[in-house]
Structure formats: structure tokens, C-alpha cells
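Trainee: In our numbering, the protein residues as written are 190 to 685.
Positions of the beta carbon are idealized from the N, C-alpha and C atoms, including for glycine.
Remember, it's a predicted structure, so these values are computed and weren't measured experimentally.
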RNA sequence: GGCCCCUUCGUCUAAUGGUUAGGACACCGCUCUUUCAAGGCGGCGAUACGGGUUCGAGUCCCGUAGGGGUCACCA
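(1) Enumerate, from N- to C-terminal direction, the unbroken beta strand (DSSP E) stretches of 3 or more residues contained entirely within the stretch 373–449.
(2) For residue 433, verify whether its CB is less than 7 Å away from any heavy atom of the ligand PLP.
(3) Would you call the stretch 329–340 and the stretch 269–285 touching, i.e. three or more CB-CB distances under 8 Å?
(4) Please state if the CB of residue 227 and the CB of residue 256 are separated by a distance shorter than 8 Å.
(5) When you compare only the Cα positions, how much space is there between residue 554 and residue 429?
(6) Along the beta strand (DSSP E) that carries residue 355, what are the first and last residues, could you check?
(7) For residue 376, count neighbouring C-beta atoms within 10 Å of its own C-beta (all shown protein chains included) and say buried if the count is 16 or more, exposed if not.
(8) If we call anything under 8 Å between Cβ atoms a contact, is residue 571 one with residue 502?
(9) Going by Cα to Cα distance, which pick from 616, 504 and 573 is closest to residue 654?
(10) Nearest CA to the CA of residue 513: which residue from 463, 278 and 523?
(11) Are the CB atoms of residue 578 and residue 617 within a distance shorter than 8 Å?
(12) Under the three-state reduction of DSSP, which class applies to residue 286: helix, strand or coil?
(13) Can you confirm whether the stretch 522–542 touches the stretch 606–616 when touching is taken to mean that 3 or more C-beta pairs between the two stretches lie within less than 8 Å?
(14) So what does residue 259 bridge to, in DSSP terms?
(15) Evaluate contact between the stretch 391–402 and the stretch 418–429, counting only Cβ atoms and requiring at least three cross-stretch pairs below 8 Å.
(16) Tell me, please, whether the stretch 364–381 touches the stretch 410–418 by the rule of three or more beta-carbon pairs shorter than 8 Å.
(17) Rounded to a whole number of angstroms, what is the C-alpha to C-alpha distance between residue 388 and residue 234?
(18) For the stretch 555–603, list the beta strand (DSSP E) runs that are entirely contained and at least 3 residues long, ordered along the chain.
(19) In chain order, which continuous runs of the alpha helix (DSSP H) of length 4 or greater are located wholly inside the stretch 479–534?
(20) Cβ of residue 219 within 8 Å of Cβ of residue 211?
(21) Could I get the ranges of all uninterrupted alpha helix (DSSP H) runs contained in the stretch 271–315, with 4 residues as the minimum, in chain order?
Spelled out as C-alpha cells, the structure:
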């Protein structure tokens, strides 16, 4: 039988990193086995629905190249793939459970349930639905139940969990697990609004959609016994289960918004590459060798093995993500990067720059930043003349000697031809020697005048990218405008 | 608190019961050098604890401790 897996998010917000990892492992498993990857939207709680979240999930999966084979907008043989469009199916199966005696009807109001929990807590016992004292099919009797139903009194359908015995199941990641039945609650399967809860809808759909492997987060492990009971009540063969270790905050709690952003979209906006995000997230909880860090999606597909997935949760370390992203930044095609950079330039209204120019900028600076858009701030002087000059740097590298050399330096630069960094370098070296001054002094002065900053790419390379005209203009502008201003500032600081 | 899961450097991880416990990020140093990076080289740094099984345990078993998840008409 061919592999069929699903990613089943609920549309309660944006796709987050944890969801992406779950989707990724499902995707990798499906592709590795030549199986089918299904997207199913679990929107059975209409109160938690967030507008636009389905679109966001689909868009982000697509951005990461995790395209699904069946699902919303794509169709497939077992649709619809949105649970709110399948409510009649769940009602039908809930009735089947009722007929089989595996479930029962209950009329308790939320207030009554709350009082029950309070009583239990005061008595020091674990809160759990008590079907021998509450208002349900068993305590009310068949006749009264039918009467209330006929009257239209709201009701729910609950799973009738055995009072004794042990529920056992097997998990690909965690092995054999068993839970005493007495610790399992009589889960509500069908809510009073006629919608199913997760547990019913999930089991029914996984069966109807012929899912062979359920790969989901560890937070679902505690509800496994309920799901096992449901499969058994229906007489269905269970799929195989794999509960993935959680993604954690630096404090080891479940990954959440509190410690920085977790929405995939935020990483996209910040300028992370999808390849980097996928590469990083794939290695959180699974590793093919332990010796390599960089994998393409294709390589991940080839190597993926569910049995090698770890059991312990993994902290989401943004530092390593940045490093991986930086790696991709240094290895991607500069032409492609230039196109992407142009987008950022336009978004920020930095002016018009040709792709040729931006490509040079990318090559010049990509080894010095982790994210592509950081080039815009790190190398701001490549997009407009510097308006701010680091005072400390100025104080350190500017001197009377240097200032006296500026006219000669300008004359030298004017005659340099061709304007290429190797030529510029040779000429400047000769100049420094001739003037009996250290080359470093000249370079630092140029760096200050041309960029205003103490750090950046190689100076002559930067000059080449700026062009001769711009280089000369900036030097002149520095001497006539910025230098007096800087002097004045220094004087003010000194007098304070 | 009940139930369930988990535990190798700070972090992500590797290790058919036999390795000086390996790699990567971060950090530190050296190197390169016109600054800052990148690269290269090196360093720091872990089997939670206690028992047991075994010639031999990170690996198997038991206990303890710690961490996490979950206990809704939410998924």
C-alpha cells in the first residue's frame, strides 16, 4: 500500500515554525516513499477561525516548496479537504458510535460541568466526567433521553471509555506506550453546535482519506488513547503514528511568540531564504549523519527516515538559523540575489539601481551579513552618499598629514585608468610609498570619506563599485562640507 | 496534582554493548589582511544522579532528580 500522509493545521492564525516542521516531515516522508501528501484544514471550531489563515498556510507552504498533492484548491479523490464542509459525515459516524454503544448522549450545560469539576477538585480527585451522576443517557434513562431530544434540548455525544483495563499503542518515534483506561476522560465527540471535536473529525478523516501514517506534534500524545478507542469502536485499522518532539523556546517551554517571532511569514519578511529555513528546521529533531549541516530539499527527501527522529524537544536557536542563511547567501547565484535585493530596494524607496549594479553590491557585501536585506543597512553608503560619519573613527584615522595629502590623492585618483580595484590598489600603494606614509592610513582615510564607517568590504573593491566619478565627488564633498562639521562636533564634545 | 513523554558540550546533534565520546552553531585564540567579515588552523566544552546486568554501558534494566506536554462543547 502506498504511503499517504497529511498535514492538518487549524486556521487559527499564521503558519508557525512548529507547524512548518510538522508539514516538512510529512512532506519528506511522503516524497521519500513516493507517496501522497495531503493538506487538510481542521476548522471545526468556528469561534477560533482567523480570516486569511488558510491562505497564509497555503502561501507559506508554497514559498517553502512543500507543495501538496491533495487539498483545498487542488481537490483529490477524498475531498472535501476542509472539515467544516464535512460536518454531515461526522454526525453520521457519531450516530454509528451511538448505535454501537461506544458513545452516549449527555445534556449537561457548561455550568453544570464547571460545578462538577469544582466539586472534584475540592474532593482532591482528578477532574473527569462522571457518567454515573451527570445528566446523560445512563442516568436519565432511554425514555427521558428521547423526550429531551424531541424537545430540542442541546446535547453532546461523548465517547464511552472503559472503566478498567489498559490502552496500548505503538509509536514509530517513541515505541510502546500504555495508559490505564481509568485515566482517560469521556471525550466529547460531537459538540452541541453539531460540529465534531478534533478527536472525532481527525480519526474519521484519517480513515476516509486512507492516511497510512499520522505524523504530528507530541502535544497529541496524551489524546492517543481516545483515538485508539475510536478506531477500535469503528472496527478500523489504525494508521501508524509518529509523534514528533516539540520545538522549544530557549527556556525549554513549547515554542511560542513570547521569545521572538514564530510565524513563517515573519521569517520571510525578515529576508530569510526558504531553503535555509527548511534546512534548519529539518535538522531540529532529526539528523541523517551528524557530520553535515547543509542539505537541499532534494537531499533531505532522499535521506529522510522517520525512525531516526529524536524523542527530546529541540530549542529553536536563531543563531544557527542565521548561520545557515548566511551560508546560502554566500553560495546562491548573485544574479538571482540581485533581483531579490532590487525588491527590497524598491520596497524601501531607496532609489533606482540597475541589476548590474546590485549584483556588484551583492558580491561585495554578502560575506559580511547573514540576511540579504541587511546589505541595505550594512552597506547604506552604496545607495546614497554618507551623511553620518563615525566620530570615533574620524578621531582615530584623520590627521593633519592625511589632510595635506588630499589634493595629491585626488589628482592621482583622477588619472587612474581603468577604474578597477587591482589598478587602484597598485596606484595607492605606490602613492603611499612615494609619500612615505603607511598604506593603512590612506585606506582608512578613504574609508572614512567614502563610507563614513569603520567597517565594510575591501576599500578598493568598494571604490570600483562606487565608480570614479562618485568616489571623487565624495572626497571633495567630505573636505568641503563634512570635515568642518565634524571638527565642530569634536570641539563641542571636548568642551563638555 | 493525575497521566504520559523526555534527559550526550550553553545550543542542534553523531556514536551494530568495545571510539582518546565525533561534527556544527556560539564563544575564545592564531592565521590572512587596507577595516570588518568570510576562509584556514587551533582551543574551551557533554553522556543528570544512584544502583544493577555484562569481561566491557552514553547505549540494556530499576530507582531518583530535573525538564516538558496534557488534563475544555480548542485544535
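Mentor: The structure says:
(1) Whole beta strand (DSSP E) segments, 3+ residues: 377–379, 402–406 and 429–433.
(2) Among the ligands in the structure shown, none appear at all, so the ligand PLP cannot be discussed.
(3) no
(4) Reading the first chain from its first residue, position 67 is the one you call residue 256. Reading the first chain from its first residue, position 38 is the one you call residue 227. It is not a contact, given that the beta carbons lie outside the stated cut-off.
(5) As a first step, residue 554 is located in the first chain; it is residue number 365 there, counting from the start. As a first step, residue 429 is located in the first chain; it is residue number 240 there, counting from the start. Rounded to whole angstroms, residue 554 to residue 429 spans 49 Å at the Cα level.
(6) Taking the first chain and counting its residues from 1, the one referred to as residue 355 is at position 166. Note, residue 355: beta strand (DSSP E), 355–360.
(7) Residue 376 sits at position 187 when you count from the first residue of the first chain. Classified as buried, residue 376 has 16 or more neighbouring CB atoms from the shown chains inside 10 Å of its CB.
(8) Position 382 of the first chain holds residue 571. Position 313 of the first chain holds residue 502. Against a cut-off of 8 Å, the Cβ pair of residue 502 and residue 571 comes out as no contact.
(9) Translated into the one-based positions of the first chain, residue 654 becomes position 465. For the residues 616, 504 and 573, the minimum Cα distance to residue 654 belongs to 573.
(10) Looking up residue 513 in the first chain gives position 324. Among 463, 278 and 523, the Cα nearest to that of residue 513 belongs to 463.
(11) Position 428 of the first chain, counting from 1, holds the residue named residue 617. Position 389 of the first chain, counting from 1, holds the residue named residue 578. No; because the gap between Cβ atoms is not below 8 Å, this pair is not in contact.
(12) The sequence position of residue 286 within the first chain is 97, counting from 1. Three-state DSSP puts residue 286 in a helix.
(13) At 8 Å Cβ cutoff, the stretches do not touch.
(14) For the purposes of this step, residue 259 is taken as residue 70 along the first chain, with counting starting at 1. Bridge partners of residue 259: 227.
(15) yes
(16) yes
(17) The sequence position of residue 388 within the first chain is 199, counting from 1. The sequence position of residue 234 within the first chain is 45, counting from 1. Roughly 12 Å between the two C-alpha positions.
(18) none
(19) 486–492 and 507–520
(20) As a first step, residue 219 must be located in the first chain, where it is residue number 30. As a first step, residue 211 must be located in the first chain, where it is residue number 22. In this structure, residue 211 does not lie closer than 8 Å to residue 219 by Cβ.
(21) 276–289 and 299–311
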